[in-house]
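Comments concern the structure below.
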Amino acid sequence: MPLIVEFELSTPILREVAVAASQLTVEQVYQLETGATKLVFWATDGCFEAIERALETDRSVDEYTLLEKMAAKRLYSARLTEWGADRLTHPAAAANDIAFLEITVTGDTQVRARVPSRDALFAYRESCRERDVPFRLQRIYHETEPEGGQYGLTDRQQEALLAALEAGYFDVPREATLSSIAERLEISDQALSARLRRGQANLLRNTVVGDDPI
9 MPLIVEFELS
19 TPILREVAVA
29 ASQLTVEQVY
39 QLETGATKLV
49 FWATDGCFEA
59 IERALETDRS
69 VDEYTLLEKM
79 AAKRLYSARL
89 TEWGADRLTH
99 PAAAANDIAF
109 LEITVTGDTQ
119 VRARVPSRDA
129 LFAYRESCRE
139 RDVPFRLQRI
149 YHETEPEGGQ
159 YGLTDRQQEA
169 LLAALEAGYF
179 DVPREATLSS
189 IAERLEISDQ
199 ALSARLRRGQ
209 ANLLRNTVVG
219 DDPI
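In this text, residue positions in the sequence shown follow the working numbering: the first is 9, and each later residue adds one.
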């Protein structure tokens, strides 16, 4: 039975860019006919001038293209250098029939993936180690298991959302920082950011999106 696995990678790919942005969300990874590898990703918030300076200097990026420009986020395509492509773990995932469902970079890289078996997961983890990319397992469950209780929220997502709401994180202007809430919950900023984002997505899917128009 397929598994859903959530894990964190300390990958050097787009590291400088992630520092300049609030969050990177990878939409697609593909290989060109020349053998080069490209990433298509959204950069959210942050100073876009700083993000593009980072794209110029990031060791993993050979060249980039701005694909779409919006008020709070931009879509980029980045061709990886040979050094960056060598550290990409997607080939190892593909070799083990692992499908990446969600990739978010907020310092470290948060991944949600569908994995055919525990043996495949262990083989992928070993491939990460061979590339000197630290792998940290966060959560593993069967695909058929419900992800959470009311509105599809997991206990950790609900805890994070309530803590952020009570602290004034969603107020305008904000009355709390991500770091202060993460410290209170004794987790990293990256883990909190991922929980908030996934929790909000589950709320929308099970409320706004889930309501069929009459």
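Backbone N, C-alpha and C define an ideal beta-carbon position, used for all residues, glycine too.
Quick caveat, the model's predicted, so the values are computed rather than measured.
Annotation for A29: no beta strand (DSSP E) segment contains it, and DSSP assigns it neither H nor E. The beta carbons of T112 and K81 sit no closer together than 8 Å. Each of G43, V216, Q198 was checked against the Cα of S30, and the nearest Cα belongs to Q198.
Around the C-beta of E16, 16 or more other C-beta atoms lie within 10 Å, and the residue is accordingly described as buried.
Shown here, T117 sits in a strand according to DSSP, grouped into three states.
Judged by their CB atoms, N214 and G160 are nearer to each other than the 8 Å cut-off. Just so you know, the alpha carbons of A102 and E14 end up roughly 17 Å apart. Under DSSP, A51 takes part in a beta bridge, and its partners are L32, R82.
Contact between T45 and A100 fails: their C-beta atoms lie close to 13 Å from each other, not under 8 Å. Note: V69 is bridge-paired with L88 in the DSSP secondary-structure output.
Secondary structure of R205 (DSSP, three-state): helix.
By the criterion of a C-beta distance shorter than 7 Å, I59 is surrounded in its chain by V25, A28, A29, A51, once the five residues flanking it on both sides are discounted. If you check the CB distance, I106 and A79 do not come in under 8 Å.
By the neighbour-count criterion, in which 16 or more other beta carbons inside 10 Å mark a residue as buried, C136 falls on the buried side. Here DSSP, grouped into helix, strand and coil, assigns L96 to coil. With 16 or more other Cβ atoms from the protein chains shown falling within 10 Å of its own Cβ, T114 counts as buried. As computed with DSSP, Q39 is found in a beta bridge with T45. Under a 10 Å Cβ-count criterion, L109 is classified as exposed, with fewer than 16 other Cβ atoms of the shown protein chains found around its own Cβ.
Just so you know, the alpha carbons of F130 and F143 end up roughly 11 Å apart. Look at I189 here: in three-state DSSP terms it is helix. For E134, the enclosing alpha helix (DSSP H) starts and ends at 126-138.
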